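Residue numbers (UniProt numbering): 1 to 328.
Report on one structure; see the data block that follows.
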Amino acid sequence: MMDPLITRTIGPVRKALKDANLETKDIQEVILVGGMTRMPKVSESVKSIFGRDPAKSVNPDEAVAMGAAIQGAVLSGEVKDLLLLDVTPLSLGIETLGGVFTRLINRNTTIPTKKSQVFSTAADFQTAVEIKVYQGERELVRDNKMLGNFQLVGIPPAHRGVPQVEVTFDIDADSIVHVHAKDKSTNKDQSITIASGSGLSDNEIQQMVEDSEKYAEADKERKGSIEAANRADSVLNDTERALNEYAEKLEKEEADKIREKIAALREFVSKSLAGEGTATAAEIKEKTDDLQVASLNLFDKMHKARNDSGEQSSSQENTSENKEEKKP
């Protein structure tokens, strides 16, 4: 009769170990709390998990009563030298290129806490970014809960990857989340405040955690494909930019071959990001590497041209300085 109830407690025990980055061998002693833990079946379950009998030195009934008394004293203000720490029930982060959920604060982080990370733009000459805030445990934002969003505008136009936008998550002692984004070159900033409480019930939070474990492998594969596609997109942009500027330094046949590979990879990546294909991260990486190998000569000529240009500029500056020195 009690088997189903006892079995239900095993999952949370293993989850607690995982969240604490501990293994059963790291636990030196197991203390049981509550009168029902006196049952032999409970002790057997503990031994099967930890490989040792639970400690008998603590009275399980007294432990419950003592804990309740301490909590009551803290709430009434009689005890002031005991700090009770709260934790974040789910991970918090933002959406990044390809719909990936990038965590800034992990689940079970004690609060108050603060974490910053620098991001950049996804397109050339982008002057604004939208910060979408999510909570959850899945690898893609579509499977998590959106908490809010805001825009940071006025970013100086530049090639993708150049601007630096610092995003900061700050959770205060009241569990209120403050999300702040700042362009590091201009110090322009924008922020949003999210009231305490996730809007999710305990059951919904537990379901999200269980789903993250259930679909962990599939999520990992999909995230890997998206990250590989993002890298491919970056390589495509760099190669196209170099080809547009230095194509005349290549044989026409070589330049045409690079253009064909660019078009093929771009179509392949677009379908992958749109979810139309089943391309794996390894397949995308293979095609990306193929383009990079094909364009090695192009980038060699680009670097040589830039070095020659730099040496010429330096020579002209030295000549100008020499002329200035000869003036009476």
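Backbone N, C-alpha and C fix where the C-beta goes; we use that ideal spot for every residue, glycine too.
These numbers were taken from a predicted model, which means no experiment stands behind them.
- The region 182-202 makes contact with the region 150-167: 3 or more CB pairs, one atom from each, lie closer than 8 Å.
- Comparing alpha carbon positions, the residue from Pro12, Thr113, Gln190, Lys223 closest to Asp86 is Thr113.
- Counting C-beta pairs closer than 8 Å gives fewer than three between the region 247-263 and the region 205-222, which falls short of the contact rule.
- DSSP places Thr110 within a strand segment (E or B) once states are collapsed to three.
- Rounded to whole angstroms, the separation of the alpha carbons of Arg107 and Val293 is 42 Å.
- Inclusion of Val100 and Ile131 in the CB contact set at 8 Å is not warranted, their separation being larger than that value.
- When DSSP states are grouped into helix, strand and coil, Asp189 belongs to the strand group.
- Distance from Ser175 to Ser225 at the Cβ level is roughly 35 Å; contact not present, criterion being Cβ atoms closer than 8 Å.
- In the DSSP annotation of this structure, Lys182 is not part of any alpha helix (DSSP H); the continuous beta strand (DSSP E) holding it starts and ends at 177-183.
- The C-alpha of Asn230 lies about 51 Å from the C-alpha of Leu75.
- In the structure shown, Ala128 falls within a strand segment according to DSSP collapsed to helix, strand and coil.
- Per DSSP, the unbroken alpha helix (DSSP H) holding Thr288 starts and ends at 281-294.
- For Met208, same chain residues with a beta-carbon under 7 Å away, outside a window of 5 residues either side, are Leu90, Gly136, Glu137 in chain order.
- A Cβ-Cβ distance of about 13 Å is found for the pair Ala63 and Val30, leaving them out of contact under the 8 Å criterion.
- Leaving aside the five residues that flank Thr127 on each side, the residues in its chain whose CB is nearer than 8 Å to its CB run, in chain order, Val153, Gly154, Ile155, Pro156, Pro157.
- Taken atom to atom, the span from the alpha-carbon of Ser201 to that of Val133 is near 19 Å.
- For Lys115, the beta-bridge partners assigned by DSSP are Phe169.
- Residue Ile258 holds the alpha-carbon nearest to the alpha-carbon of Glu240 among Ile258, Glu227, Leu250.
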